[in-house]
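Counting from 1, one number per residue, gives the positions in the sequence shown under the UniProt record's numbering.
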Amino acid sequence: MAKHIELSAIGGPEVLRYCEFTPADLAPDEVQVANKAIGINYIDTYIRSGLYPPACLPCGLGTEAAGIVTKVGSNVTTIKVGDRVVYAQSALGAYSEIHNVSESKLALLPDEISFEQAAASFLKGLTVYYLFNLTHKLQAGETILFHAAAGGVGLIACQWAKALGAKLIGTVGSDEKATLAQAAGAWQTINYRRENIVERVLAMTDGEKVSVVYDSVGKETWLDSLDCLKRQGLMVSFGNASGPVIGVNLGILNQKGSLFLTRPSLNGYITTREELAEASKTLFGLISSGKINVDVPENQKFPLSEAVKAHQTLENRATQGSSLLIP
Ligand SMILES: NC(=O)c1ccc[n+]([C@@H]2O[C@H](COP(=O)([O-])OP(=O)(O)OC[C@H]3O[C@@H](n4cnc5c(N)ncnc54)[C@H](OP(=O)(O)O)[C@@H]3O)[C@@H](O)[C@H]2O)c1
Numbered sequence: 001m002a003k004h005i006e007l008s009a010i011g012g013p014e015v016l017r018y019c020e021f022t023p024a025d026l027a028p029d030e031v032q033v034a035n036k037a038i039g040i041n042y043i044d045t046y047i048r049s050g051l052y053p054p055a056c057l058p059c060g061l062g063t064e065a066a067g068i069v070t071k072v073g074s075n076v077t078t079i080k081v082g083d084r085v086v087y088a089q090s091a092l093g094a095y096s097e098i099h100n101v102s103e104s105k106l107a108l109l110p111d112e113i114s115f116e117q118a119a120a121s122f123l124k125g126l127t128v129y130y131l132f133n134l135t136h137k138l139q140a141g142e143t144i145l146f147h148a149a150a151g152g153v154g155l156i157a158c159q160w161a162k163a164l165g166a167k168l169i170g171t172v173g174s175d176e177k178a179t180l181a182q183a184a185g186a187w188q189t190i191n192y193r194r195e196n197i198v199e200r201v202l203a204m205t206d207g208e209k210v211s212v213v214y215d216s217v218g219k220e221t222w223l224d225s226l227d228c229l230k231r232q233g234l235m236v237s238f239g240n241a242s243g244p245v246i247g248v249n250l251g252i253l254n255q256k257g258s259l260f261l262t263r264p265s266l267n268g269y270i271t272t273r274e275e276l277a278e279a280s281k282t283l284f285g286l287i288s289s290g291k292i293n294v295d296v297p298e299n300q301k302f303p304l305s306e307a308v309k310a311h312q313t314l315e316n317r318a319t320q321g322s323s324l325l326i327p
């Protein structure tokens, strides 16, 4: 027996239940991981709330953690008992003391990266990797707009953009978050709770606007994001923190300047073992060299039993950077 978080109904944070479960037998291609730190991601709240409904209930929650391998299936060839590993794309159930994960979704963790750093950065860092390398190849000197720049994905994006020499304008929900995003490498910030996003972007860019907008806020920022783009600019809509963008009339892309639009996901970009190996190598290199810092504030490390509180804190916009569950 082990402890995990069970999702037995769709709803608010209060539906998350901390309880005992019997881990399933390992499939031949699976590895059992004793989790040491578990990543909390905004997508976990979409699954819990029913925006992205799980295939069946009850089920586990979470897809990201770092830990030590305790068992390997009969067909596993690249991982052994005792290895330090991290994963971001497992089947639901990472909010748990132990989790069975397909060998193809695991990366070996370099010694210099702690379990906490890994669980705080793997899903979010792989996301920034594909957003800045594959969805669009971000260039030195290029100016972009990145929403929720002091969030988990956001703080990694600020640091990554700076490392590439790009000018990231970050939106944030408080002045404290503005300071954080700037310290992480944002070129400029906009407090979108009190400032007009479009007016500020026009002023910062001398009327030029930006070539790419990375928008994970969704419903509340959709129109402003389009208005911040240059002619033929790229709108990357990659999340729904304020609700999903629905009912779009494609003609709006013509009206706003022959824009391009994409709605990408991590699993659509990092799918094969080779793609995961390449992306993790780049991410681990940036963390190991100190270009990307992913240390988590102590008050955002929640015991696994306090997943309810962790989700409430995240959805209340009270976190900065990444948050963790500790088994
Ligand atoms: N498509 C993909 O591949 C992919 C992968 C990873 C993550 N994502 C998306 O990226 C986003 C960031 O994920 P994360 O895990 O790092 O979360 P996060 O950014 O740490 O938290 C979400 C942030 O969104 C901002 N926000 C703006 N409006 C909000 C609202 N109405 N309600 C709640 N939050 C609001 C808040 O920051 P402020 O207070 O500064 O506004 C909040 O802290 C999420 O939308 C997630 O779904 C997408």
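Every residue gets a Cβ at the ideal spot worked out from N, C-alpha and C, and that includes glycine.
Non-local C-beta neighbours of residue 106 in its own chain, meaning closer than 7 Å and more than five positions away in sequence, comprise 31, 79, 85, 87, ordered along the chain. In the DSSP assignment, residue 138 is bridged to no other residue. No Cβ-Cβ contact shorter than 8 Å links residue 239 with residue 120. At least 8 Å separates the beta-carbon of residue 287 from that of residue 279. Taking the Cβ of residue 273 as the reference point, every heavy atom of ligand 1 lies at 7 Å or farther away.
Of all C-beta pairs linking the segment 227 to 234 to the segment 255 to 274, three or more are shorter than 8 Å, placing the two stretches in contact. Around the CB of residue 1, fewer than 16 other CB atoms lie within 10 Å, so the residue is classed as exposed. In the structure shown, residue 25 adopts coil according to DSSP, grouped into three states. Apart from sequence neighbours up to five positions away, the residues of its chain that approach residue 304 with a beta-carbon distance below 6 Å are 325, 327, ordered along the chain. The residue among 95, 161, 273 with its C-alpha nearest the C-alpha of residue 63 is 95. Spanning the alpha carbons of residue 223 and residue 134 requires a straight line of approximately 24 Å. Residue 50 holds the alpha-carbon nearest to the alpha-carbon of residue 243 among 18, 50, 9.
Under the DSSP assignment, residue 275 falls in the alpha helix (DSSP H) whose first and last residues are 273 to 288. In the three-state scheme derived from DSSP, where H, G and I count as helix and E and B as strand, residue 240 is classed as coil. Taking non-hydrogen atoms of ligand 1 into account, the C-beta of residue 262 is found less than 7 Å away from none of them. Apart from sequence neighbours up to five positions away, the residues of its chain that approach residue 58 with a beta-carbon distance below 7 Å are 6, 7, 8, ordered along the chain.
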